[in-house]
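*Asks:* For the sequence shown, numbering that gives the first Met the number 0 gives the first residue as 0, with consecutive numbering after it.
Don't be surprised by glycine CBs; every beta carbon is placed ideally from N, CA and C.
Below you will find the structure I want to go over with you.
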Amino acid sequence: MADQQPSAPACPTAGIRHINRDHTRRYVKVGNHLAQHRELSLTAIGLAVHIQSLPSGASVTIKSLAGRFPEGEVRIAAAMRELEHHGYLRRRRERAASGRVVAFTESYNNPPALWAEARTAREAAPPEPAAARPQEAAPQPEPAPAADGEEADPEPAPAEKTTRPAHPEAYDLLARLRLRDPRLVLSNRDVERLAPAVSEWLDQGLPPAAVSASLTNGLPLAPIHSPYGLLLHRIRELAPARLPTPLPIGTARPDRTLHPLRTCPTCDKAHRSPTPGECPPCTRRRAAA
Numbered sequence: 000m001a002d003q004q005p006s007a008p009a010c011p012t013a014g015i016r017h018i019n020r021d022h023t024r025r026y027v028k029v030g031n032h033l034a035q036h037r038e039l040s041l042t043a044i045g046l047a048v049h050i051q052s053l054p055s056g057a058s059v060t061i062k063s064l065a066g067r068f069p070e071g072e073v074r075i076a077a078a079m080r081e082l083e084h085h086g087y088l089r090r091r092r093e094r095a096a097s098g099r100v101v102a103f104t105e106s107y108n109n110p111p112a113l114w115a116e117a118r119t120a121r122e123a124a125p126p127e128p129a130a131a132r133p134q135e136a137a138p139q140p141e142p143a144p145a146a147d148g149e150e151a152d153p154e155p156a157p158a159e160k161t162t163r164p165a166h167p168e169a170y171d172l173l174a175r176l177r178l179r180d181p182r183l184v185l186s187n188r189d190v191e192r193l194a195p196a197v198s199e200w201l202d203q204g205l206p207p208a209a210v211s212a213s214l215t216n217g218l219p220l221a222p223i224h225s226p227y228g229l230l231l232h233r234i235r236e237l238a239p240a241r242l243p244t245p246l247p248i249g250t251a252r253p254d255r256t257l258h259p260l261r262t263c264p265t266c267d268k269a270h271r272s273p274t275p276g277e278c279p280p281c282t283r284r285r286a287a288a
């Protein structure tokens, strides 16, 4: 019987064989969540790796990328939409101090880590005390049966609810905020608590797109540990000013007295004055003469 030789080389196997060397300069780290993503196309994965390797301030517009790679603008635009949908990119616009609108793109190299941090922060946050339950109304005595020939008193109408329901679009707007920023993941309870305040913005005539932009523009680059607290603060601090109620035609403002119309005897023009006489321009011309 032949002796076993444990040092004999292993049988060759098919497939990829890695021959790696450590990088010392000009390299970028890529996680397997991106390199082995199950839903992203190869074009999207390669585009994400290229964008993450660029320095801050580099142009990543569709035209500039199409001039850099053989893929056309259509394929690059589709790949950027994929990355934006899965949280690796976010395209935004902000207004600078000079009034000029600046467009830029935010690149996230590890969206799963951001989502995990947000989820851990929500779980670690102390639960808010439950609202006190309303006391049940005392049972009312049943009305006595009506005597023969008498009509029974009609039942009282139920009291109308004073709580104003939230705008239907407010729930959808809050749930879709995570598509604009993957850090703004809200639970159903958070959406229920924020919807009434967002409804006040919508009731003032603001379109949903403007409300979403106001809540997500200029967010800090650091991880957001409490999306609910951040949005609640923004809703309170950035609430739009209410438009003044227009007065009916012919109604004077509270701080102004509406005088009757008079006809100037000199220029025959109408003007408002408490007493008959010349209009102010004719009065000034006469005083100057």
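Answer yes or no: do Leu-237 and Ser-213 have a C-beta to C-beta separation smaller than 8 Å?
*Replies:* As a first step, residue 237 is located in the sequence shown; it is residue number 238 there, counting from the start. As a first step, residue 213 is located in the sequence shown; it is residue number 214 there, counting from the start. Result yes, Cβ atoms of Leu-237 and Ser-213 sit closer than 8 Å.
*Asks:* Taking only the alpha-carbon atoms, compute the straight-line gap between Gly-66 and Glu-72 and give it to the nearest angstrom.
*Replies:* For this step, residue 66 is matched to residue 67 along the sequence shown. For this step, residue 72 is matched to residue 73 along the sequence shown. Rounded to the nearest angstrom, the two C-alpha atoms are 9 Å apart.
*Asks:* Is DSSP giving Arg-20 helix, strand or coil here?
*Replies:* Here residue 20 corresponds to residue number 21 of the sequence shown, with the count starting at 1. Correct three-state label for Arg-20: coil.
*Asks:* Checking the sheet assignment: what are the DSSP bridge partners for His-270?
*Replies:* By one-based count along the sequence shown, residue 270 stands at place 271. Per DSSP, Arg-261.
*Asks:* Rounded to a whole number of angstroms, what is the C-alpha to C-alpha distance between Ala-123 and Gly-14?
*Replies:* Numbered from 1 along the sequence shown, position 124 holds the residue referred to as residue 123. Numbered from 1 along the sequence shown, position 15 holds the residue referred to as residue 14. Whole-angstrom Cα-Cα distance: 45 Å.
*Asks:* Apart from the five residues on each side of it in sequence, which residues of its chain come closer than 6 Å, Cβ to Cβ, to Leu-183?
*Replies:* Stepping through the sequence shown from its first residue, residue 183 is reached at position 184. Here the set comprises Leu-176, Arg-177 and Pro-226.
*Asks:* Of all the options Asp-202, Gly-217, Gly-228 and Pro-222, which has the alpha carbon lying nearest to the alpha carbon of Arg-188?
*Replies:* Translated into positions along the sequence shown, residue 188 becomes position 189. Among Asp-202, Gly-217, Gly-228 and Pro-222, the Cα nearest to that of Arg-188 belongs to Gly-228.
*Asks:* Looking at the structure shown, is Thr-119 part of a helix, part of a strand, or coil, going by DSSP?
*Replies:* Locating residue 119 in the sequence shown gives position 120, where the first residue counts as 1. Note: Thr-119 maps to helix in three-state DSSP.
*Asks:* How is Ser-106 classed by DSSP in three states: helix, strand or coil?
*Replies:* Taking the sequence shown and counting its residues from 1, the one referred to as residue 106 is at position 107. Strand.
*Asks:* Can you tell me which of the three DSSP states Leu-220 falls into?
*Replies:* Locating residue 220 in the sequence shown gives position 221, where the first residue counts as 1. Note: Leu-220 maps to coil in three-state DSSP.
*Asks:* Within a Cβ cutoff of 7 Å, which residues of the same chain sit near Asp-180, ignoring the five residues on either side of it in sequence?
*Replies:* Stepping through the sequence shown from its first residue, residue 180 is reached at position 181. Cβ within range, chain order: Arg-89, Thr-215 and Leu-218.
*Asks:* Please report the residue range of the beta strand (DSSP E) in which Leu-39 lies.
*Replies:* Here the question's residue 39 lines up with position 40 in the sequence shown. Segment: none, Leu-39 is in no beta strand (DSSP E) and carries neither H nor E.
*Asks:* What are the boundary residues of the alpha helix (DSSP H) that Arg-188 is part of?
*Replies:* Residue mapping note: residue 188 aligns to position 189 of the sequence shown, counting from 1. Start and end: 187–202.
*Asks:* Quick check on this structure: which residue in Thr-282, His-22, Asp-171 and Ser-58 has the alpha carbon closest to the alpha carbon of Val-197?
*Replies:* Indexing the sequence shown from 1 puts residue 197 at position 198. Nearest C-alpha to Val-197: Asp-171.
*Asks:* Please give the ranges of any alpha helix (DSSP H) in the stretch 65–97, keeping only runs that are unbroken, at least 4 residues long and fully inside the region.
*Replies:* Qualifying alpha helix (DSSP H) stretches, in chain order: 72–84.
*Asks:* Rounded to the nearest angstrom, what separates Arg-37 and Ile-44 at their Cα positions?
*Replies:* What you label residue 37 is simply residue 38 of the sequence shown in a count that begins at 1. What you label residue 44 is simply residue 45 of the sequence shown in a count that begins at 1. Rounded to the nearest angstrom, the two C-alpha atoms are 10 Å apart.
*Asks:* Could you work out which residue in Glu-199, Ala-288 and Trp-114 is closest to His-166 when comparing CA atoms only?
*Replies:* The residue given as residue 166 occupies position 167 in the sequence shown. Of the candidates Glu-199, Ala-288 and Trp-114, the one whose C-alpha sits nearest the C-alpha of His-166 is Glu-199.
*Asks:* Looking only at its own chain, which residues have a Cβ that is under 7 Å from the Cβ of Arg-132, when we skip the five neighbours before and after it?
*Replies:* Position 133 of the sequence shown, counted from the first residue, corresponds to residue 132. Summary for Arg-132: the model assigns pLDDT 45, below 50, so the residue's position carries little reliability; its value from the coordinates is reported in the next sentence. Once the five neighbours on either side are set aside, Arg-132 has no close Cβ partner at all.
*Asks:* Does the ligand SAM have even one heavy atom less than 7 Å from the beta-carbon of Ala-77?
*Replies:* Of the ligands one can find in the structure shown there are none, so the ligand SAM has no counterpart to examine.
*Asks:* Quick one: grab the DSSP three-state call for Val-48.
*Replies:* Taking the sequence shown and counting its residues from 1, one reaches residue 48 at position 49. Three-state DSSP puts Val-48 in a helix.
*Asks:* Less than 8 Å between the CB atoms is what I'm expecting for Thr-119 and Val-59, so what's the real figure, rounded?
*Replies:* As a first step, residue 119 is located in the sequence shown; it is residue number 120 there, counting from the start. As a first step, residue 59 is located in the sequence shown; it is residue number 60 there, counting from the start. With a Cβ gap of about 31 Å, Thr-119 and Val-59 do not count as contacting.
*Asks:* If you reduce the DSSP assignment to three classes, tell me which class Val-27 lands in.
*Replies:* Looking up residue 27 in the sequence shown gives position 28. Correct three-state label for Val-27: coil.
*Asks:* Keeping to the same chain, check which residues put their C-beta closer than 7 Å to that of His-258; ignore five residues upstream and five downstream.
*Replies:* Position 259 of the sequence shown, counted from the first residue, corresponds to residue 258. Within the same chain, His-258 has close Cβ partners Arg-271, Ser-272 and Pro-273.
*Asks:* Rounded to whole angstroms, what is the Cα-Cα separation between Ala-174 and Leu-46?
*Replies:* Translated into the one-based positions of the sequence shown, residue 174 becomes position 175. Translated into the one-based positions of the sequence shown, residue 46 becomes position 47. Distance between the alpha carbons of Ala-174 and Leu-46 is about 28 Å.
*Asks:* If you draw a straight line from the alpha carbon of Asn-109 to that of Tyr-87, how long is it in whole angstroms?
*Replies:* Residue numbering aside, residue 109 sits at position 110 when the sequence shown is read from its first letter. Residue numbering aside, residue 87 sits at position 88 when the sequence shown is read from its first letter. The straight-line gap from Cα to Cα measures roughly 8 Å.
*Asks:* To which residues of the same chain is Thr-265 closer than 7 Å at the C-beta, ignoring the five residues directly before and after it?
*Replies:* On the sequence shown, residue 265 is found 266 positions in, with the first residue counted as 1. Contacts found: Glu-277 and Cys-281.
*Asks:* Can you have a look at Glu-81 and say buried or exposed, based on whether 16 or more other CB atoms are within 10 angstroms of its CB?
*Replies:* In the sequence shown, counting from the first residue as 1, residue 81 sits at position 82. Answer is buried; the Cβ neighbour count reaches 16.
*Asks:* Assign Val-101 to buried or exposed, taking buried as 16 or more other Cβ atoms, counted over all protein chains shown, within 10 Å of its Cβ.
*Replies:* Locating residue 101 in the sequence shown gives position 102, where the first residue counts as 1. By the neighbour-count rule (16 or more Cβ atoms within 10 Å), Val-101 is not buried but exposed.
*Asks:* Starting from Val-101, follow its DSSP beta bridges and name the residues at the other end.
*Replies:* Looking up residue 101 in the sequence shown gives position 102. BP columns for Val-101 point to Glu-93.
*Asks:* So what does DSSP say about Gly-56, is it helix, strand or coil?
*Replies:* Residue 56 sits at position 57 when you count from the first residue of the sequence shown. Coil.
*Asks:* Let me confirm a value: Ile-18 is counted as buried when at least 16 other C-beta atoms fall within 10 Å, else exposed. Which label applies?
*Replies:* Numbered from its first residue, the sequence shown carries residue 18 at position 19. Flag for Ile-18 reads exposed.
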